[in-house]
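**Q** I'd like to ask some things about the structure below.
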Amino acid sequence: MLQIPPEKLKQMVVEEGLIKPEDFDVLLSESRRMGQNINDVLISRGILSADYLYNNLAKYFGLMKSNLVNREIKEEILNRLPENLARQKKAIVFDAEPNGIFDVAMEDPTDLETVEFLKRRLEADIKPFLATEEDLAKGFAMYGRKFTQDFKKIIEENIQTSLREKLDTVEEAAKAVPIVAIIDNLLSYAASLRVSDIHIEIFEDGIFVRFRIDGVLHEITRVPKEVHPAIIARIKLLSGLKIDEHQKPQDGRFRHKVGTDLIDIRVSTISTFYGEKVEMRLLPSTQKPLSLKELGLMEDMEKIILENIKKTYGMILITGPTGSGKTTTLYSILSILNQPEVNIVTIEDPIEYDMKYINQTQINSLAGITFANGLRSILRQDPNIIMVGEVRDEETAEISVHAALTGHLLLSSLHTNDAPTAIPRLIDMKIAPFLAAAVLNVILAQRLVRKICLKCIESFPPSPDLLESLKKQIAESRLTAEFRAPKILYKGKGCSSCGNSGYSGRIGIFEVLNIDEDVRKEIINPNFSLDNLMALGRKKGMLTMFEDGLRKAELGMTTIEEVLRVIRE
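FYI, full-length UniProt numbering numbers position 485 of the sequence shown as 485, with every residue one higher than the one before it.
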């Protein structure tokens, strides 16, 4: 990304009286620690405006500005560069000059490699212009607007064609071109919007199609009930399910290609009052595991996790409700541990991401492979590190504890609301307190919050109502004595890049309970209580998920509303 060197930027903003030198240094250190761009930090804090930065970038590097925000781009010009390449290269072709040169808005017009690539692709010379994030978002949205129009048009046309066709069986309809086109376009559209889940639901007045984007469901379209059997049958065909089974729940999966990307799609069907409902989980097969920083772990928490995963035995637990990102965190830890000198084996339900050089096993009830007996088999495979997707029952808990006590590092997940509650949950599963104390290394609890869109972020002073909501949550969390009301908070005002939601992407908020000798003594204490364990954790510096969310809201990473939403769920 094009950037004025920090020292030069510091000189500019200090000379103009926008910030004190020492304050700039603090923000620069903070941006490096969080892996953020200093430009984004200065803008989010209200020290610089995006326009100020844009104008000075153009001036410093001697570049022309593209100003796409107020410009309409002809479709034939825009499409000279396909959307996937435009996004990859962060470049928009927006005009053609009489002499055959194309005007291209670029994030970094000084990137000679990209300039040469664009010349070869367009088979013409180009004139690079500097583009802001808002300029690029406008260009990408123009692709998206056409995609949305095309998607709805294709769906409607194929529904009408399907209704006109008189096929003898549902299976024939599922293989017919109109239904194939509907499902293919539905999946491609979902992939373009970074959808995590697709819900196809049938009610009295039709079929509802909803997408989950950044953790929130949005209705996308409605379809006549008449095509419901064919749509469900098509999805069943793709995922290897029984077409004629309508009462029993079924689970399957298939792989779908969108452009050059492959997406693994996990399918679940269930019978409802009006017919079968389908849920599809989209898992990009080419997605790399995130780093701990990318997950959202701040430096203090990251340090504790890194110290504990270096141990050669013991148990690391990730806790939280369904959809809180536990599996993603487990994969991130595995990617750090994945070295040639160790043997890593997993047992998962299902395998969500294919990890190179890790032996991954999937639960298969038909073949008799459960977490418990799969784990027994893994122990005979000379593993150094074991990942169990979830500790669901007493048998799995018992074998997991035994494995972690006998020289293996075991990672797993558990359904609890916070980190300390994992202890009584294990005890409920018939794990003796002295065993839990001996085997546990660290417990990480988490939730996912939506990130503020950096393209439309703005600061504001919190309202009295918002502060009151904060105080109420703080009282419930017993943190009153430590509460410091934030003076400035952040939100996204909404733009074309984030679909006017003000949010783009998600990040974790966390709670880390480090199991040291004092915590072990508390676990085996005959008078053990959750309140005492929480108090001990707090005494040792443990931050709750709410506190972690609060500091992320103050840093402009998420909003207070998001933190309160997930904490209260």
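By construction, the Cβ of each residue, glycine as well, lies at the ideal position given by its N, Cα and C atoms. Values in this document were obtained by computation on a predicted structure and should not be read as measured data.
Alpha carbon to alpha carbon, how far is T361 from A181?
**A** Against the sequence shown, residue 361 aligns to sequence position 361. Against the sequence shown, residue 181 aligns to sequence position 181. For T361 and A181, the distance between alpha carbons rounds to 34 Å.
**Q** Using 8 Å as the threshold, is the C-beta distance between V41 and F24 below it?
**A** One-based indexing of the sequence shown puts residue 41 at position 41. One-based indexing of the sequence shown puts residue 24 at position 24. No, they are not a contact pair.
**Q** Within the same chain, show all residues whose beta-carbon is closer than 8 Å to that of D103, passing over the 5 residues directly before and after it, in chain order.
**A** On the sequence shown, position 103 is the one that residue 103 refers to. These residues qualify, in order along the chain: S66, V93, F94, D95, A96, E97, I126, K127 and F129.
**Q** If we call anything under 8 Å between Cβ atoms a contact, is A438 one with L426?
**A** For the purposes of this step, residue 438 is taken as residue 438 along the sequence shown, with counting starting at 1. For the purposes of this step, residue 426 is taken as residue 426 along the sequence shown, with counting starting at 1. Contact flag unset, no.
**Q** Can you name, in chain order, every residue of its own chain whose Cβ lies under 6 Å from the Cβ of T114, other than the five neighbours on each side?
**A** If you number the sequence shown from 1, residue 114 lands on position 114. These residues qualify, in order along the chain: K89.
**Q** Anyone know if the C-beta pair for A173 and A233 falls short of 8 Å?
**A** Position 173 of the sequence shown, counted from the first residue, corresponds to residue 173. Position 233 of the sequence shown, counted from the first residue, corresponds to residue 233. Result yes, Cβ atoms of A173 and A233 sit closer than 8 Å.
**Q** Contact between the segment 240-255 and the segment 193-201: three or more CB pairs below 8 Å?
**A** These segments do not touch.
**Q** On the CB-based measure, 16 or more other CB atoms within 10 Å of its CB, does Y357 come out buried or exposed?
**A** Translated into positions along the sequence shown, residue 357 becomes position 357. That one is exposed.
**Q** Give every residue of the same chain whose Cβ lies closer than 8 Å to the Cβ of G374, excluding the five residues on either side of it in the sequence, and list them in chain order.
**A** Along the sequence shown, one-based indexing puts residue 374 at 374. These residues qualify, in order along the chain: I347, T361 and I363.
**Q** Please tell me whether L533 and I431 are closer than 8 Å, where the distance is taken between their beta carbons.
**A** Counted from its first residue, the sequence shown places residue 533 at position 533. Counted from its first residue, the sequence shown places residue 431 at position 431. No, these two residues do not count as a Cβ contact at 8 Å.
**Q** Closer than 8 Å by C-beta to T272: which residues in its own chain qualify, once you throw out the five before and the five after it? Chain order, please.
**A** Counting from one through the sequence shown, the residue named residue 272 turns up at place 272. If we look at T272 and ignore the five residues flanking it on each side, its Cβ neighbours are E201 and I202.
**Q** Does the beta-carbon distance from K493 to E458 come in below 8 Å?
**A** On the sequence shown, position 493 is the one that residue 493 refers to. On the sequence shown, position 458 is the one that residue 458 refers to. Going by C-beta atoms, K493 is nearer than 8 Å to E458.
**Q** Is E276 helix, strand or coil when you go by DSSP?
**A** By one-based count along the sequence shown, residue 276 stands at place 276. Three-state result, E276: strand.
**Q** With 16 other CB atoms within 10 Å as the buried threshold, where does V216 fall?
**A** On the sequence shown, residue 216 is found 216 positions in, with the first residue counted as 1. By the neighbour-count rule (16 or more Cβ atoms within 10 Å), V216 is not buried but exposed.
**Q** Specify whether the segment 283-292 and the segment 375-388 touch according to this definition: at least 3 beta carbon pairs, one from each stretch, less than 8 Å apart.
**A** No contact exists between the segment 283-292 and the segment 375-388.
**Q** What are the complete alpha helix (DSSP H) segments, minimum 4 residues, inside the segment 29-105?
**A** The qualifying runs are 38-44, 50-61, 75-78 and 83-89.
**Q** In whole angstroms, what is the alpha-carbon distance linking Q36 and I399?
**A** Along the sequence shown, read from residue 1 onward, the residue named residue 36 stands at position 36. Along the sequence shown, read from residue 1 onward, the residue named residue 399 stands at position 399. Their Cα atoms are separated by approximately 42 Å.
**Q** Leaving out the 5 sequence neighbours to the left and right, which residues in its chain are closer than 6 Å to Y331 when beta-carbon positions are compared?
**A** Position 331 of the sequence shown holds residue 331. Counting only Cβ-Cβ distances below 6 Å, and skipping sequence neighbours, we find P289 and Y353.
**Q** Express the C-alpha separation of K326 and P284 in angstroms, rounding to a whole number.
**A** Translated into the one-based positions of the sequence shown, residue 284 becomes position 284. Translated into the one-based positions of the sequence shown, residue 326 becomes position 326. P284 and K326: Cα-Cα distance of roughly 17 Å.
**Q** In whole angstroms, what is the alpha-carbon distance linking N527 and L306?
**A** Sequence index remark: in the sequence shown, residue 527 carries index 527 (1-based). Sequence index remark: in the sequence shown, residue 306 carries index 306 (1-based). Taking the straight line from one Cα to the other gives about 32 Å.
**Q** So for D244, helix, strand or coil by DSSP?
**A** As a working note, residue 244 is residue 244 in the sequence shown. In this structure, D244 counts as coil in the three-state DSSP scheme.
**Q** At what residues does the alpha helix (DSSP H) containing H228 begin and finish?
**A** On the sequence shown, position 228 is the one that residue 228 refers to. Residues H228 to S239.
**Q** Answer with buried or exposed for L238, where buried requires no fewer than 16 other C-beta atoms within 10 angstroms of its C-beta.
**A** Within the sequence shown, the letter at position 238 stands for residue 238. Counting Cβ neighbours within 10 Å, L238 comes out buried, since at least 16 surround it.
**Q** Go ahead and label S504 buried or exposed: buried means 16 or more other beta carbons lie within 10 angstroms of its beta carbon, across all protein chains shown.
**A** Walking along the sequence shown from the start, residue 504 turns up at place 504. Classification of S504: buried, given that the 10 Å Cβ count is 16 or more.
**Q** Pairing CB atoms from the segment 219-226 with CB atoms from the segment 202-211, are three or more of them under 8 Å?
**A** They touch, by the three-pair rule.
**Q** By alpha-carbon positions, which one of L334, M298 and T110 ends up nearest to K310?
**A** In the sequence shown, the residue the question calls residue 310 occupies position 310. Selected option, being the one with the closest Cα: L334.
**Q** Relative to the ligand ADP, is the shortest distance from any of its heavy atoms to the C-beta of K90 smaller than 7 Å?
**A** This structure lacks the ligand ADP; in fact it carries no ligand of any kind.
**Q** Where are the alpha helix (DSSP H) runs, 4 residues long or more, that stay fully inside the segment 454-508, in chain order?
**A** Qualifying alpha helix (DSSP H) stretches, in chain order: 464-476.
**Q** Can you give the Cα-Cα distance for E72 and E511, rounded to whole angstroms?
**A** Against the sequence shown, residue 72 aligns to sequence position 72. Against the sequence shown, residue 511 aligns to sequence position 511. Looking at the two C-alpha atoms, the distance is approximately 48 Å.
**Q** With DSSP as the reference, please indicate the residues paired to A445 in a beta bridge.
**A** Walking along the sequence shown from the start, residue 445 turns up at place 445. According to DSSP, which records beta bridges pairwise, A445 is partnered with T319 and E511.
**Q** What do you get for L366, buried or exposed, if any count of 16 or more other CB atoms within 10 angstroms of its CB means buried?
**A** By one-based count along the sequence shown, residue 366 stands at place 366. Exposed, because fewer than 16 other Cβ atoms sit within 10 Å of the Cβ of L366.
**Q** With R538 as the anchor, note down where its alpha helix (DSSP H) starts and where it stops.
**A** Position 538 of the sequence shown, counted from the start, is the residue given in the question as residue 538. It spans L530 to K539 - the alpha helix (DSSP H) in which R538 sits, taken as one unbroken run.
**Q** What residue range does the beta strand (DSSP E) around V216 cover?
**A** As a working mapping, residue 216 is identified with position 216 in the sequence shown. Unbroken beta strand (DSSP E) run through V216: V216 to V223.
**Q** Return the residue from the list G407, I43, S29 and E133 that minimises the CA-CA distance to L2.
**A** In the sequence shown, the residue the question calls residue 2 occupies position 2. The option with the nearest alpha carbon to L2 is E133.
**Q** Can you find at least 3 beta carbon pairs, one from the segment 404-420 and one from the segment 310-321, that sit closer than 8 Å?
**A** With a cut-off of 8 Å, the segment 310-321 and the segment 404-420 count as touching, because enough Cβ pairs lie within range.
**Q** Alpha carbon to alpha carbon, how far is A137 from P82? Give it in angstroms, no decimals.
**A** Counted from its first residue, the sequence shown places residue 82 at position 82. Counted from its first residue, the sequence shown places residue 137 at position 137. If you take the alpha carbons of P82 and A137, they lie about 15 Å apart.
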